[in-house]
Each structure stands twice: as structure tokens, then as C-alpha cells.
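Visitor: Let me begin by handing over the structure; questions about it come next.
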Amino acid sequence: MLRRRLGFLTAPNAGFFFGKDGKSVPAEDAPTLFQRGMTQIARATSKAEREWLAAAIAELDGGG
1 MLRRRLGFLT APNAGFFFGK DGKSVPAEDA PTLFQRGMTQ IARATSKAER EWLAAAIAEL
61 DGGG
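One point on numbering: in my numbering, the residue at position 47 of the sequence shown is 47, and numbering is uninterrupted.
Right, here's the structure in full:
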């Protein structure tokens, strides 16, 4: 399950908000202050989760 979650978090176009073209909108380009804030917080949370998942997988695989 940890590997599946890590795969989901590292998938391309895993965004929070999407433009009319269907592509994710970068945090800096979100149309409102609140959307920019939500995107920046989600980005930081995802980074921390990816780091934890990688460390947990390594430890469970006997490498940590």
C-alpha cells in the first residue's frame, strides 16, 4: 500500500486545481489567494508525505 500511495503522489499532473485545458494549475498561477494558499500547503504536505513514504519503504525493505 505504501508503494501505491507513493506512486500516486509522484504521478504527473497530480494537481489540486485544473485549468480549462484539463492541466493542473501551478500554485503560483492559481486564480485566487485562497487557491494559491491551498495549493502551496498541499505541495508542502505531499513533499513531506513522499519523504516519509520513501523512508518507510526503505526501512521495511531492510535498508534503514
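Don't be surprised by glycine CBs; every beta carbon is placed ideally from N, CA and C.
Taking buried to mean at least 16 other C-beta atoms within 10 Å of its own C-beta, is Phe39 buried or exposed?
Guide: Sequence check: residue 39 is Thr here, not Phe. Under this definition Thr39 is a buried residue.
Visitor: Taking 6 Å as the limit between beta carbons, can you name the residues of its chain near Ile57, skipping five residues before and five after?
Guide: Counting only Cβ-Cβ distances below 6 Å, and skipping sequence neighbours, we find Leu2.
Visitor: Would you say Ser24 and Phe16 are within 9 Å of each other, going by their C-beta atoms?
Guide: yes
Visitor: What three-state label does DSSP hand Phe18 in the structure shown?
Guide: strand
Visitor: Please list the terminal residues of the continuous alpha helix (DSSP H) segment that includes Glu28.
Guide: No alpha helix (DSSP H) contains Glu28, which DSSP labels as neither H nor E.
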